[in-house]
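Asks: Quick one: the structure is below, questions incoming.
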Amino acid sequence: MGLLDKVDNIDDAKPAKAKPKAAKAVAKAKPRAAKAVAKKATPKAAKPASAKAKGAGKDKPEKIRPSGLPEGFELAGNMPRYIGWIINFAWNFGVAIGLLSILSTGADSDLTIGWAVALLMILVNWLVLPIWTGRNIGEFVSRTKYINSSGNKPIFLHAVLNNSIGFLSLIGLILMMANFQNISTSGMIPFITGVVFIVFWIFNFFLKKNSDFSQGVFDLAFSSYLVKHVATGDETGWMARFESLGDFGDKWAERSANREVKQKEKAAKKAAKAVEKKESAEETSDSEEATDSEDDSSED
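Per numbering that gives the first Met the number 0, the sequence shown starts with residue 0, numbered consecutively.
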């Protein structure tokens, strides 16, 4: 029994000695790990702070260029565009067409003053007004204007080039008609030039028709949009007179809108009458079938 008690005492003493060593190891490991974490954490936290301090003085606000239709503007509809086109065509070519009709009758008269007036009207609407006001006669009447992506008036080259498309198409038609019989000789180059002008006009037309903002070639090149114009009421002199032309365009648009309403009402009345006729015809056919069936039954 004495030997067994000694063996038990030895077994009990061994774990008692090992426990403090493990505790010491754990106690030593914890401060080392804490020191290592502290050493690694301090430089990482200091770097972003220093980077922010250095970059704070160098940061500048970035300029964002506007793209697309600016806010606060509304695209011009089909009716204002149509009114503007009609007015510009009448202003630019009305006098010239009248003079050509006089010449076609064979009248021998001096039309120098008439041609001078026609040329002056074209120059005013093509160059003078677009450069001075950014708008032409048709745009004043239809109360429309061109703006760029910043909401300002585009550079005058846009108006000049945009107005040139119609003139180029007319010149192209004249070149084609004048050199059609001489294509094989000296008329080849002028005829091809006329074809190019006509094709360019057609391309610009279909580009406007299929564009989301109804933009043509030069509209896309200068990032310009045709929008509705609202007068400020502070215009004086010639500008006030030009702005007053919009009253004529408003009356025209109102009349055309009333016309469309009347046409829709007439179409609705016609459709209602057609439905009534069909219903009456069906009723008569049903009654005739009923009488025929009664006659057949009486004969039987």
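Where is the CB? At the ideal position from N, CA and C, for every residue including glycine.
Would DSSP call residue 229 helix, strand or coil?
Replies: Residue 229 falls in the coil class under three-state DSSP.
Asks: Mind checking which residues open and close the alpha helix (DSSP H) that includes residue 144?
Replies: Not the alpha helix (DSSP H): residue 144 falls in the beta strand (DSSP E), residues 143–147.
Asks: Should residue 176 go down as buried or exposed, given a rule of 16 or more other Cβ atoms within 10 Å for buried?
Replies: Exposed is the call here.
Asks: Could you tell me the distance, in whole angstroms, from the CA atom of residue 140 to the CA atom of residue 174?
Replies: For residue 140 and residue 174, the distance between alpha carbons rounds to 32 Å.
Asks: Which of the three DSSP states, helix, strand or coil, is assigned to residue 126?
Replies: Helix at residue 126.
Asks: I'd like the list of long-range same chain contacts for residue 200, defined as Cβ closer than 8 Å, with 5 residues on each side in sequence excluded.
Replies: Excluding sequence neighbours, residue 200 sits near 164, 165, 167, 168, 171.
Asks: Just checking my contact of residue 116 with residue 94 at CB under 8 Å: how many whole Å lie between their CB atoms?
Replies: With a Cβ gap of about 6 Å, residue 116 and residue 94 count as contacting.
Asks: Please state whether DSSP places residue 283 in a helix, a strand or coil.
Replies: In this structure, residue 283 counts as helix in the three-state DSSP scheme.
Asks: Within this structure, are the beta carbons of residue 153 and residue 221 separated by less than 8 Å?
Replies: Yes; because the gap between Cβ atoms is below 8 Å, this pair is in contact.
Asks: Give me the Cα-Cα distance between residue 100 and residue 205, rounded to the nearest whole angstrom.
Replies: The straight-line gap from Cα to Cα measures roughly 31 Å.
Asks: So for residue 223, helix, strand or coil by DSSP?
Replies: Residue state, collapsed to three classes: strand.
Asks: Express the C-alpha separation of residue 149 and residue 59 in angstroms, rounding to a whole number.
Replies: At residue 59, the pLDDT of 49 sits below 50, so the modelled position is not reliable and the matter cannot be decided from this model.
Asks: So the alpha helix (DSSP H) residue 174 belongs to, where does it begin and stop?
Replies: Note, residue 174: alpha helix (DSSP H), 155–177.
Asks: Would you mind stating whether residue 300 and residue 68 have Cβ atoms separated by less than 8 Å?
Replies: Only positions 0 to 299 of the chain appear in this structure, which leaves residue 300 out of reach.
Asks: If we ignore side chains and look at the alpha-carbon of each, how far apart do residue 234 and residue 104 end up?
Replies: Spanning the two alpha carbons is a distance of roughly 45 Å.
Asks: Quick check on DSSP: helix, strand or coil for residue 118?
Replies: Reduced to three states, the DSSP call for residue 118 is helix.
Asks: Taking the alpha helix (DSSP H) that residue 152 falls in, what are its first and last residues?
Replies: No alpha helix (DSSP H) holds residue 152; DSSP gives it neither H nor E.
Asks: At which residues does the alpha helix (DSSP H) containing residue 80 begin and terminate?
Replies: Note, residue 80: alpha helix (DSSP H), 77–103.
Asks: Does any residue of chain D have a CB that is nearer than 8 Å to the CB of residue 119?
Replies: Annotation note: the requested chain D is absent from the structure, which comprises a single protein chain.
Asks: Among the candidates 270, 190, 253, 242, whose CA atom is the shortest distance from the CA of residue 143?
Replies: Looking at the Cα atoms, 242 is the closest of the given residues.
Asks: So is residue 218 buried or exposed if we call it buried at 16+ other beta carbons inside 10 Å?
Replies: Buried, since its Cβ has 16 or more Cβ neighbours within 10 Å.
Asks: Going by the DSSP bridge assignment, what does residue 74 pair with across the sheet?
Replies: Bridge partners of residue 74: 226.
Asks: Mark residue 320 as exposed unless 16 or more other C-beta atoms lie within 10 angstroms of its C-beta, in which case mark it buried.
Replies: Outside the shown range of the chain (0 to 299) lies residue 320, about which nothing can therefore be said.
Asks: Determine the extent of the alpha helix (DSSP H) in which residue 191 is found, giving its start and end residues.
Replies: Where residue 191 is concerned, the enclosing alpha helix (DSSP H) stretches over 187–209.
Asks: Find out if the Cβ-Cβ distance for the pair residue 179, residue 190 is shorter than 8 Å.
Replies: Going by C-beta atoms, residue 179 is nearer than 8 Å to residue 190.
Asks: Roughly how far, in whole angstroms, is the beta-carbon of residue 124 from the beta-carbon of residue 161, given that I think they are within contact range, below 8 Å?
Replies: With 8 Å as the limit, residue 124 and residue 161 do not qualify as a contact, their Cβ atoms being about 12 Å apart.
Asks: Could you say which of 76, 79, 138 lies nearest to residue 90 if we only look at CA atoms?
Replies: Comparing Cα positions, the closest option is 138.
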